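J.: Numbering (this note's numbering), first residue to last: 11 to 274. By construction, the Cβ of each residue, glycine as well, lies at the ideal position given by its N, Cα and C atoms. Since the structure is predicted, the reported quantities are computational estimates derived from the model, not experimental observations.
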């Protein structure tokens, strides 16, 4: 999905106020609680792969870093053989148009909120046949963000979390709000401490965050029993889940389209 020019991650990431791409990503392994996180990444096509490499490197020693940002992240990428693309290679026409629209709208000082491709996140949560759970989240952030701004996506407990004994979850929405509410952690607490299933925990957390902080968001979740939870308070959140060769998908609350998944 980081290859899709209309999804805000990797190629297609939105632009900051200076017209540059700064990407964030995180991944967590629920079997051993290892995690890898990167922020302010530039000119790398797949930031989530970089985050995974950080996680794999941290497996050897608990004291080894699991989070790199900016120059540190780029140095780590070079040292581990990642291709650094020419500056601007990930910038799309759609991202440029979104930034122009964002700046034009800001200049009008209009009071009503608009969205010109301003936010978006790509997340995935999976469980294998042994019950191992993994979660990953990747994003370009918000259109017109201040350079150097970091959202919830690379932060374990806010944007991403996985624990085989509880479940896994990935968050989307306004990063500053998700960080204050600690969304991923909140979903996991409801499963672990209150005995909620994935859908109930996800829905309750999103509704409470939206009520408390007056901002929308969404999460996808799998609990330790393999139950799936999907909920969002935004107008749309494209989602899909694959269970026993049945692909379910939708974009609006209440959608649940299904088709048989054909393996190639």
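Enumerate, from N- to C-terminal direction, the unbroken beta strand (DSSP E) stretches of 3 or more residues contained entirely within the stretch 171-205.
T.: Scanning the stretch 171-205 for uninterrupted beta strand (DSSP E) segments of 3 residues or longer gives 177-183, listed from N- to C-terminal end.
J.: Using DSSP with H/G/I as helix, E/B as strand and the rest coil, what is residue 116?
T.: On the chain shown, position 106 is the one that residue 116 refers to. Three-state result, residue 116: helix.
J.: Could you say which of 41, 63, 39 lies nearest to residue 48 if we only look at CA atoms?
T.: Locating residue 48 in the chain shown gives position 38, counting from the first residue. The option with the nearest alpha carbon to residue 48 is 63.
J.: Please check the pair residue 239 and residue 212, which I expect to be a contact at CB under 8 Å, by giving their CB distance rounded to whole angstroms.
T.: Position 229 of the chain shown, counted from the start, is the residue given in the question as residue 239. Position 202 of the chain shown, counted from the start, is the residue given in the question as residue 212. So it is a contact: roughly 4 Å between Cβ atoms.
J.: Just reading off the beta strand (DSSP E) that residue 60 is part of, what are its end residues?
T.: In the chain shown, residue 60 corresponds to position 50, counting from 1. Per DSSP, residue 60 belongs to no beta strand (DSSP E); it is in the alpha helix (DSSP H), 57-68.
J.: When you compare each of 209, 79, 133, 36 to residue 11 by their alpha carbons, which one comes out closest?
T.: Taking the first residue of the chain shown as position 1, residue 11 is located at position 1. Among 209, 79, 133, 36, the Cα nearest to that of residue 11 is on 133.
J.: Return the CA-CA distance between residue 162 and residue 111, expressed in angstroms with no decimal places.
T.: By one-based count along the chain shown, residue 162 stands at place 152. By one-based count along the chain shown, residue 111 stands at place 101. Those two C-alpha atoms are separated by around 25 Å.
J.: Give the straight-line distance between the Cα atoms of residue 230 and residue 241, rounded to the nearest whole angstrom.
T.: Against the chain shown, residue 230 aligns to sequence position 220. Against the chain shown, residue 241 aligns to sequence position 231. A direct Cα-Cα distance of roughly 7 Å separates residue 230 from residue 241.
J.: Tell me the residue span of the alpha helix (DSSP H) that contains residue 219.
T.: Numbered from 1 along the chain shown, position 209 holds the residue referred to as residue 219. From DSSP, the alpha helix (DSSP H) with residue 219 extends over 208-223.
J.: Does residue 88 pass the burial test, meaning 16 or more other C-beta atoms within 10 Å, or should it be called exposed?
T.: Translated into the one-based positions of the chain shown, residue 88 becomes position 78. With fewer than 16 Cβ atoms within 10 Å of its Cβ, residue 88 is classed as exposed.
J.: Please return the same chain residues whose Cβ sits closer than 7 Å to the Cβ of residue 13, not counting the five positions on each side in sequence.
T.: Numbered from its first residue, the chain shown carries residue 13 at position 3. When the five nearest sequence neighbours on each side are left out, the beta carbons in the same chain lying within less than 7 Å of the beta carbon of residue 13 are those of 20, 21, in order along the chain.
J.: Quick one: is residue 155 buried, meaning 16 or more other Cβ sit within 10 Å of its Cβ, or exposed?
T.: Here residue 155 refers to the residue found at position 145 of the chain shown. Buried is the call here.
J.: Could you tell me the boundaries of the beta strand (DSSP E) in which residue 268 lies?
T.: Translated into the one-based positions of the chain shown, residue 268 becomes position 258. Residue 268 -> beta strand (DSSP E) spans 267-270.
J.: Would you please state the rounded distance, in angstroms, between the beta carbons of residue 92 and residue 58? I believe it to be under 8 Å.
T.: Counting from one through the chain shown, the residue named residue 92 turns up at place 82. Counting from one through the chain shown, the residue named residue 58 turns up at place 48. No, residue 92 and residue 58 are not in contact; Cβ-Cβ is about 12 Å, not under 8 Å.
J.: Please look up how many angstroms separate the CB atoms of residue 43 and residue 173, rounded, as I've assumed it's under 8 Å.
T.: One-based indexing of the chain shown puts residue 43 at position 33. One-based indexing of the chain shown puts residue 173 at position 163. That pair is a contact at about 6 Å.
J.: For the beta strand (DSSP E) containing residue 78, list its first residue and its last residue.
T.: Position 68 of the chain shown, counted from the first residue, corresponds to residue 78. It spans 77-79 - the beta strand (DSSP E) in which residue 78 sits, taken as one unbroken run.
J.: Using the rule of at least 16 other Cβ atoms within 10 Å of the residue's Cβ for burial, across every protein chain shown, is residue 203 buried or exposed?
T.: Translated into positions along the chain shown, residue 203 becomes position 193. Exposed is the call here.
J.: Compare the C-alpha of residue 113 against each of 152, 146, 94, 164 and name the closest.
T.: As a working note, residue 113 is residue 103 in the chain shown. Checking every option, the nearest Cα to that of residue 113 belongs to 152.
J.: Counting C-beta neighbours from all protein chains within 10 Å, is the total for residue 17 16 or more, i.e. buried, or is it exposed?
T.: Working through the chain shown from its first residue, we reach residue 17 at position 7. Residue environment analysis places residue 17 among the buried positions, since at least 16 neighbouring C-beta atoms fall within 10 angstroms of its C-beta.
J.: Considering only residues of the same chain and omitting the five flanking positions on each side of residue 61, which have a CB-CB separation below 8 Å?
T.: Position 51 of the chain shown holds residue 61. The answer, listed in chain order, is 35, 36, 37, 46, 47, 48, 146, 148, 164.
J.: Look at the alpha carbon of residue 268 and the alpha carbon of residue 260, and state the distance between them as a whole number of angstroms.
T.: Mapped onto the chain shown, residue 268 falls at position 258. Mapped onto the chain shown, residue 260 falls at position 250. Cα to Cα, the separation comes out at about 9 Å.
J.: Answer yes or no: do residue 232 and residue 208 have a C-beta to C-beta separation smaller than 8 Å?
T.: Mapped onto the chain shown, residue 232 falls at position 222. Mapped onto the chain shown, residue 208 falls at position 198. Cβ atoms of residue 232 and residue 208: closer than 8 Å.
J.: Sorted by chain position, which residues of the same chain lie with C-beta nearer than 7 Å to residue 27's C-beta, five sequence neighbours on each side aside?
T.: Walking along the chain shown from the start, residue 27 turns up at place 17. Answer for residue 27: 154, 155, 156, 157, listed in chain order.
J.: I'd like to know whether the C-beta of residue 62 is nearer than 8 Å to at least one C-beta of chain C.
T.: Chain labels in this structure do not include chain C; a single protein chain is all it has.
J.: Which one of 180, 210, 79 has the shortest CA to CA distance from residue 249?
T.: Residue mapping note: residue 249 aligns to position 239 of the chain shown, counting from 1. The candidate whose alpha carbon is nearest that of residue 249 is 180.
J.: Alpha carbons only, please: which of 225, 142, 109, 100 is nearest the one belonging to residue 236?
T.: Taking the chain shown and counting its residues from 1, one reaches residue 236 at position 226. Residue 142 is the option with its Cα nearest to residue 236.
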